[in-house]
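S.K.: Chains A and B, in that order, are what the protein sequence lines are.
Residue numbering for the first sequence is 0 to 208, as defined by numbering that gives the first Met the number 0.
Residue numbering for the second sequence is 0 to 296, as defined by numbering that gives the first Met the number 0.
Cβ coordinates follow ideal geometry from the N, Cα and C atoms, glycine included.
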Amino acid sequence: MRDPRFPLEIVDGLRLEKQLRDTLMPGRIVFDDEGHRRRLPRYFYEIPTWEHAMAIQLSPNFALWEFIQTDVREAAPLREFPRYVPCAITMTALCLERFREAADTYVHIAANGGYRSPRHSLNGNATPHSWGTAVNIYRIGDVYLDNREAIERYGALARHTLPSAWARPYGTDRGQTDDHLHIDFGFVLAMPRGAPDDHLGFDAERRVS
Amino acid sequence: MPAPTTHRTIFTPPPRPEALDALHLRFDALERSSGARAIAVAVYDTETEVSFRRHAERWFHAASTIKVAILLGVYASIHHGWLVPHSRLHVRNRFRSAVDGHPFRVAADRDANSAVHDAVGKMMRVSDLALHMIATSSNLPTNLLLDLVGLDTVQRALDEFRIDGIDIRRGVEDERAFERNINNRVTADGLVQLLRLIAEERSYSPDLSRQMLDLLHAQEFRNGIPARLPAAVRVAHKTGEISTIAHDAGVVYPPDRKPYVVAILTEWSPDASARKATIAEASRAIYEVLTAENANA
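1) The stretch 100-122 of chain A: which residues have C-beta closer than 7 Å to a C-beta of chain E, in chain order?
2) With a 10 Å radius around its C-beta and 16 neighbouring C-beta atoms as the bar for buried, classify B/Asn-295 as buried or exposed.
3) Using Cβ-Cβ distances below 8 Å, what residues of the stretch 123-152 of chain A are close to chain B?
4) Counting only Cβ pairs nearer than 7 Å, list the residues of chain A close to B/Gly-120.
5) Would you say B/Ser-113 lies against chain A (beta-carbon separation less than 8 Å)?
6) If we define contact as Cβ-Cβ less than 8 Å, is A/Gln-68 a contact residue for chain B?
7) Going by beta carbon distance, what residues of the same chain come within less than 6 Å of A/Leu-93, once the five residues before and after it are set aside?
8) Please state the DSSP three-state secondary structure of B/His-6.
9) Comparing alpha-carbon positions, which option in A/Glu-79, A/Ala-54 and A/Ala-87 lies nearest A/Ala-194?
10) Start and end of the alpha helix (DSSP H) containing B/His-216?
11) Three-state secondary structure (DSSP) at B/Pro-254?
12) Excluding the five sequence neighbours on either side, which residues of its own chain have a C-beta within less than 6 Å of the C-beta of B/Val-250, listed in chain order?
13) CA-CA distance, B/Glu-178 and A/Ala-149?
14) Please confirm whether B/Arg-93 and B/Pro-102 have their CB atoms less than 8 Å apart.
15) Identify, in the order they occur along the chain, each residue of the same chain with its Cβ nearer than 7 Å to the Cβ of A/Arg-158, setting aside the five sequence neighbours on each side.
16) Quick one: using the 10 Å Cβ neighbour count with 16 as the cut-off for buried, is A/Lys-17 buried or exposed?
17) For A/Ala-133, collect the residues of the same chain with a Cβ closer than 6 Å to its Cβ; drop the 5 residues on either side in sequence, then sort them by chain order.
18) So if I threshold CB-CB distances at 9 Å, which residues from the stretch 155-171 of chain A count as touching chain B?
19) When Cβ atoms are compared, which residues of the stretch 75-101 of chain B fall closer than 8 Å to chain A?
20) Name the two residues that bound the continuous alpha helix (DSSP H) containing A/Asp-11.
21) Near B/Ala-106, what residues of its chain come up, given a Cβ to Cβ distance below 8 Å and the 5 sequence neighbours on each side ignored?
22) Is the distance from the Cβ of B/Val-153 to the Cβ of B/Ala-262 below 8 Å?
23) Based on Cα-Cα distance, which residue from A/Ile-108, A/Gly-131 and A/Leu-13 lies nearest to A/Phe-186?
24) Which word fits B/Asp-188, buried or exposed, when buried means at least 16 other C-beta atoms lie within 10 angstroms of its C-beta?
25) CB-CB under 7 Å to B/Ala-217, same chain, minus the five flanking residues each way: which ones, in chain order?
26) What residue range is occupied by the uninterrupted alpha helix (DSSP H) comprising B/Glu-178?
27) Tell me, to the nearest whole angstrom, how far the beta carbon of B/Arg-175 is from that of B/Asp-270; I am working on the premise that it is less than 8 Å.
28) Is the distance from the Cβ of A/Leu-156 to the Cβ of A/His-179 below 8 Å?
29) For the beta strand (DSSP E) that B/Lys-237 lies in, which residues bound it at each end?
30) What is the DSSP secondary structure of A/Pro-127, counted as helix, strand or coil?
31) Mind checking if A/Asp-177 is an interface residue toward chain B, Cβ cutoff 8 Å exclusive?
32) Under a three-way DSSP split, which group does A/Ser-208 fall into?
33) For a contact meaning CB atoms closer than 8 Å, what does A/Val-71 contact in chain B?
34) With A/Asn-135 as the anchor, note down where its beta strand (DSSP E) starts and where it stops.
35) Only counting the same chain, and skipping five residues up and downstream in sequence, which positions put a Cβ closer than 8 Å to that of A/Gln-175?
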């Protein structure tokens with residue numbers, strides 16, 4: 000199902016083939032670091048080719064490819080096209096656009112720093128990266144975010160600019176970061192108007208969880 | 000550049016026993032004159048099947064020669080289908096100490112080249128990282144590749160081929176581990192076993208072996224084993240150097256004969272000079288004994 004203003008088709012993850020369902024885990028319940036149950040996204044944009052990812056602008060300064068750069072640690076089905084990203088990715092891009100305006104310079108998303116499937120081997124517990132609502136930024140303009148001063152300065156800017164954003168504190172312990180800025184908007188589920196009907200119903204959602 | 004596939008049919012005669020005895024004496028003298036704390040040598044000549052060993056079972060800090068073992072681990076992963084050479088890897092300068100998991104980084108100003116440091120935040124291909132690890136001995140790609148494949152994979156690969164004399168315990172630039180004497184170690188015998196495996200195309204497959212050999216042929220530090228050999232002699236090798244250590248180990252291809260495999264490991268006081276010159280002289284001595292040049296002497 001395709002919105003004429005946006006060139007990517009929205010797919011129901013539950014209708015994808017098994018290999019992809021096992022990777023994307025659509026609608027499944029997983030647990031975050033605090034032990035809270037979190038439901039994974041069910042609806043995804045299907046990206047047919049890398050050329051599409053390069054061409055599609057999610058916002059004036061952020062293209063789709065920047066959110067899907069994952070390395071060999073990503074599950075194999077998501078290292079080839081078509082690729083899938085949760086529909087919330089468009090809202091993440093808009094938030095980043097606002098952040099970029101405030102920073103007044105380029106914002107660079109790190110590899111493995113945009114969407115990561117729940118099967119990405121860097122993931123431990125549920126991470127908003129698997130909702131498409133988190134980004135790891137390693138560089139802003141000419142500033143590398145690999146030290147306390149830079150991480151805290153831009154973390155504060157993110158919190159000030161984006162009231163709902165959470166930025167990991169500087170540090171080397173679990174939940175902290177010392178070589179990039181992690182910003183996320185929580186476990187947001189997005190269901191665009193063009194999303195297919197929930198034809199499997201409530202029972203099916205319970206079944207997959 | 001790959002190894003030549005044809006050789007002359009008249010084989011080099013093996014060195015006479017007295018020539019090998021003389022080589023031992025020459026190394027004794029070299030150790031004294033150079034001021035080295037220790038010089039260990041292992042040689043295996045694939046043409047004559049002659050071996051030469053001097054303190055070949057003595058353990059040394061591996062320095063960057065451990066990168067050959069890591070290369071074997073990377074190709075083990077390729078062989079098992081966990082990676083392909085063009086797999087892409089996130090370049091991130093953050094590693095955990097083997098001591099306690101404390102994070103550490105590879106200092107850019109102490110690394111051999113800046114190419115991989117310039118890619119922090121981006122991705123690079125495994126094959127390119129392997130090239131930087133070997134050809135310029137860059138430490139950042141070394142730790143990235145070791146992090147990716149894991150110590151266990153490297154050790155299992157060494158065990159699978161029954162290579163003893165190589166003990167891998169951590170990545171490079173792990174100062175906390177160094178302070179606690181948790182170090183990678185090698186013997187001259189161990190490095191020769193590993194390099195023979197690659198040179199004789201017995202590591203997983205001839206094709207994968209040749210790929211590893213190509214990387215060793217790309218070595219840019221040429222002031223050890225190759226330095227005093229004739230220009231026509233090609234050498235696929237890996238150097239290693241820290242404050243008290245200078246090593247070089249490789250496969251030497253004299254023209255018109257099969258190659259020989261050599262490891263020259265040396266230990267020094269921190270203020271010693273002439274390390275590379277000593278390795279070059281040792282390499283020259285071995286070359287003279289093993290080649291026809293010596294047979295005609």
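M.R.: This is what the structure gives:
1) Protein chains in the displayed structure are A and B, and chain E is not among them.
2) Bear in mind that the predicted position of B/Asn-295 carries a pLDDT of just 43, short of 50, making it unreliable; the figure below should be weighed with that in mind. Classification for B/Asn-295: exposed.
3) Listed in sequence order: Tyr-137, Arg-138, Tyr-143 and Asp-145.
4) His-107, Ala-109, Ala-110, Tyr-137 and Arg-138
5) no
6) Under the Cβ distance rule, A/Gln-68 counts among the residues neighbouring chain B, one pair being separated by less than 8 Å.
7) Ser-58
8) In this predicted model, B/His-6 has a pLDDT of only 49, less than 50, meaning its place in the structure is not dependable enough to derive any value.
9) In terms of Cα proximity to A/Ala-194, the closest of A/Glu-79, A/Ala-54 and A/Ala-87 is A/Ala-87.
10) 205-216
11) coil
12) Leu-194, Ala-198, Ala-235, Pro-258 and Val-260
13) Separation of B/Glu-178 and A/Ala-149 (C-alpha to C-alpha, rounded to the nearest whole angstrom) is 30 Å.
14) yes
15) So the list reads Ala-164 and Ala-166, once near-sequence residues are dropped.
16) exposed
17) Pro-127 and Asp-183
18) For the stretch 155-171 of chain A, which is checked against every Cβ of chain B, the residues closer than 9 Å are Thr-171.
19) Leu-82, Ser-86, Arg-87, Leu-88, His-89, Val-90, Arg-91, Asn-92, Arg-93 and His-101
20) Unbroken run through A/Asp-11 is the beta strand (DSSP E), 8-11; no alpha helix (DSSP H).
21) The residues are Glu-172.
22) no
23) Closest by C-alpha distance to A/Phe-186, out of A/Ile-108, A/Gly-131 and A/Leu-13, is A/Gly-131.
24) Looking at its Cβ environment, which holds 16 or more other Cβ atoms inside 10 Å, B/Asp-188 is buried.
25) Leu-130, Ile-133 and Ala-134
26) 174-178
27) That pair is no contact at about 25 Å.
28) Cβ atoms of A/Leu-156 and A/His-179: not closer than 8 Å.
29) 233-241
30) helix
31) yes
32) Any reading at A/Ser-208 must be qualified, since the residue scores a pLDDT of 45, below 50, and its modelled position is unreliable; no value is offered.
33) Leu-82, Ser-86, Arg-87, Leu-88, Val-125 and Leu-147
34) For A/Asn-135, the uninterrupted beta strand (DSSP E) segment begins and ends at 133-139.
35) Arg-167, Pro-168 and Tyr-169
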